[in-house]
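*Asks:*
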Amino acid sequence: MLDDLVVLELASVLAGPSVGQFFAELGATVLKVENPRTDGDVTRRWRAPEGDGDGRGDRSAYFCCCNHGKQSIALDLSMEAGRTLLHELAKDADVVLASYRPGTAEALGADYETLSAVNPDLVYGHVTGYGPDRERAGYDAIIQAESGFMHMNGPADGPPTKLPVALMDVLAAHQLKEGLLVALLRREQGGGGAYVPVSLLQSAVSGLANQATNWLVAGHRPQRMGSAHPNIAPYGTSFPTADGQSIVLAVGTDRQFAALCDILGRPDLADDSRFATNEQRVAHRDALHAVLADRIRRLDHDALLADLHECGVPVGTVRDVPAVFEQPATEAMVLNREGGPAGMRQAAFPHADDAAQSLRPPPRYAEHTAAVLRERLACSPDRVDALAQDDVIVR
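In the numbering used here, the protein residues as written are 29 to 423.
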């Protein structure tokens, strides 16, 4: 689909690299430009507690979540010769992905103004923490705190709690994908290159959804309430069953609630003045949850799930991560490579020119430096040797 697209990935960690892998899955050539002064992307060393994802040194499980399909080249952009190589690569690139804090890209000659002077058609995506005019670096956990997510997450009587996934980075990656695709479409229509800035904070705020409008429209201050939903009940709370599993209900209508009550053997609850409407159920949430929990804990998980599905009551099983990958629907999301670590797709939709299952595994640090310089910049072996000797590159 995007076989002719060339992406220079100057970004690290999660948001920018996720977008790089997304483009690789659509067929683009993605060159991951890594910093020799940090031995490459810092996440190469963010290993899982059980050890490295592939049992070897520089491809941690974390790194493998968003770096399939790329070629790794190591350029020292603090050196003039390194910047020259970057500018030569930028001449034939279509997209740049960057995640520098404001001011750093300019110091390295890797900012939009500098690179667009080399290539006016370049589309430059830049992820920052707080926007291009704020010098603070952005970290997912800090953004979770400052965007309201931590304040709302956790039990009502517990402390603010970080989400278990770097969701702010994930949200920013989606915003960046969308912005870049719009910019590429505009370029195809004759609009030229573009600068696409995305901040973690604004991306996070865009994900507040109904919690934001509960405040903006109704003046309601969202608070921690465990897994419960502020506007709907019973919705989101887990209930253990007799055999040690747990289910989650997502009842959104009175009809669904009546069907739930019938299956639980308590049809009277649907006519109880405390529970007859969603508004009443929300007002009497604790009493409702207590009654439901008392009934559900007596029932077999599989039989209850089957009955609820048959009657159209939204319900699901609480699964741990290994169990997630036992579901047939998740199989297509897994990238498996013989001789390389597994990974996850970034594009969760089917498309005609799907290149995901043929992607190369995540690259080793500087694995492709020499090959890229030879093939894309026509560097001679002697020039490559000299650049390596001068510490401009790592190969």
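Built from N, CA and C at the ideal position, the CB exists for glycine as well. Since the model is a prediction, treat every value here as computed from it, not as a measurement.
Residues in the same chain with beta-carbon distance under 6 Å from histidine 412, minus the five sequence neighbours each way, listed in chain order, please.
*Replies:* Histidine is not the amino acid found at residue 412; the sequence shown has valine there. These residues qualify, in order along the chain: Ala398 and Leu401.
*Asks:* For the putative contact between isoleucine 275 and leucine 316, defined by C-beta atoms under 8 Å, what is the C-beta separation to the nearest angstrom?
*Replies:* In fact, because the Cβ distance is near 15 Å, the residues do not count as touching under 8 Å.
*Asks:* Okay, do the segment 40-54 and the segment 194-203 touch, 3+ Cβ pairs below 8 Å being the bar?
*Replies:* Enough Cβ pairs lie closer than 8 Å, so yes.
*Asks:* By DSSP, does glutamate 174 sit in helix, in strand, or in coil?
*Replies:* Of the three classes helix, strand and coil, the one that applies to glutamate 174 here is helix, per DSSP.
*Asks:* Specify the secondary structure class of methionine 372 as computed by DSSP and reduced to three states.
*Replies:* Of the three classes helix, strand and coil, the one that applies to methionine 372 here is strand, per DSSP.
*Asks:* Give the range of the alpha helix (DSSP H) segment to which serine 144 is assigned.
*Replies:* Residues 140-146.
*Asks:* Roughly how many angstroms separate the alpha carbons of leucine 113 and proline 258, rounded to a whole number?
*Replies:* Between leucine 113 and proline 258, the C-alpha separation is close to 54 Å.
*Asks:* Start and end of the alpha helix (DSSP H) containing leucine 195?
*Replies:* First-last of the alpha helix (DSSP H) with leucine 195: 195-214.
*Asks:* Does threonine 57 get closer than 8 Å to chain B when you measure Cβ to Cβ?
*Replies:* Protein chain content of the structure displayed is limited to a single chain, and chain B is not contained in it.
*Asks:* Helix, strand or coil for glutamine 385? Go by DSSP, reduced to three states.
*Replies:* Glutamine 385 falls in the helix class under three-state DSSP.
*Asks:* For a test of the three-state rule: what should DSSP assign to alanine 76, helix, strand or coil?
*Replies:* Strand at alanine 76.
*Asks:* How many Å lie between aspartate 69 and leucine 36 at the Cα?
*Replies:* Straight-line Cα distance between these residues: approximately 14 Å.
*Asks:* Below 7 Å CB to CB, which residues in the same chain sit around leucine 387 once its five sequence neighbours on both sides are set aside?
*Replies:* Answer for leucine 387: Ala52, Glu53, His96, Gly97 and Leu363, listed in chain order.
*Asks:* So what's phenylalanine 377 in DSSP terms, helix, strand or just coil?
*Replies:* Coil.
*Asks:* Which one of Gly55, Ala194 and Gln251 has the shortest CA to CA distance from cysteine 93?
*Replies:* Comparing Cα positions, the closest option is Ala194.
*Asks:* Does the beta-carbon distance from glutamate 141 to alanine 394 come in below 8 Å?
*Replies:* No; because the gap between Cβ atoms is not below 8 Å, this pair is not in contact.
*Asks:* List the DSSP bridge partners of glycine 153.
*Replies:* Glycine 153 pairs with Leu125 and Val224.
*Asks:* How many Å lie between glycine 153 and alanine 39 at the Cα?
*Replies:* Rounded to whole angstroms, glycine 153 to alanine 39 spans 10 Å at the Cα level.
*Asks:* When DSSP labels each residue in this structure, what does phenylalanine 267 get in the three-state scheme?
*Replies:* Phenylalanine 267: strand per DSSP, three-state reduction.
*Asks:* Check whether the Cβ atoms of glycine 176 and arginine 252 sit closer than 8 Å, and answer yes or no.
*Replies:* Not closer than 8 Å, so no.
*Asks:* Just curious, the beta strand (DSSP E) that leucine 277 is in, first and last residue?
*Replies:* Start and end: 274-278.
*Asks:* Are the segment 256-272 and the segment 315-331 touching, with three or more C-beta to C-beta distances below 8 Å?
*Replies:* Yes, the segment 256-272 is in contact with the segment 315-331.
*Asks:* By Cβ distance, which residues of its chain are closer than 8 Å to alanine 165, with the 5 residues on each side in sequence left out?
*Replies:* Once the five neighbours on either side are set aside, the close Cβ partners of alanine 165 are Arg129 and Gly157.
*Asks:* Indicate whether serine 227 and glycine 131 have their beta-carbon atoms separated by less than 8 Å.
*Replies:* Result no, Cβ atoms of serine 227 and glycine 131 do not sit closer than 8 Å.
*Asks:* Going by C-alpha distance, which of Ala261, Gly220 and Leu125 is nearest lysine 205?
*Replies:* Among Ala261, Gly220 and Leu125, the Cα nearest to that of lysine 205 belongs to Leu125.
*Asks:* How many whole angstroms separate the CB atoms of valine 34 and aspartate 120, which I take to be in contact at a CB cut-off of 8 Å?
*Replies:* Contact holds; Cβ gap of about 6 Å.
*Asks:* Report back the beta-carbon spacing between glutamate 116 and leucine 415 to the nearest angstrom; my notes put them in contact at under 8 Å.
*Replies:* Going by Cβ atoms, the distance from glutamate 116 to leucine 415 rounds to 12 Å, so no, they are not a contact pair.
*Asks:* Tell me, to the nearest whole angstrom, how far the beta carbon of alanine 91 is from that of arginine 65; I am working on the premise that it is less than 8 Å.
*Replies:* According to the sequence shown, residue 91 is phenylalanine rather than alanine. Not confirmed; about 18 Å, so no contact.
*Asks:* Starting from the C-beta of arginine 283, find all residues in its chain whose C-beta is less than 6 Å away, skip the five residues before and the five after it, and write them out in chain order.
*Replies:* Taken in chain order, the list of residues that qualify is empty.
*Asks:* Could you tell me which whole alpha helix (DSSP H) segments of length 4 or greater appear in the segment 36-76?
*Replies:* List check, alpha helix (DSSP H) in window: 43-53.
*Asks:* Could you tell me the boundaries of the alpha helix (DSSP H) in which glutamine 284 lies?
*Replies:* 282-291 is the span of the alpha helix (DSSP H), which, as asked, contains glutamine 284.
*Asks:* State the DSSP-derived secondary structure class of leucine 405, mapped to helix, strand or coil.
*Replies:* Leucine 405: helix per DSSP, three-state reduction.
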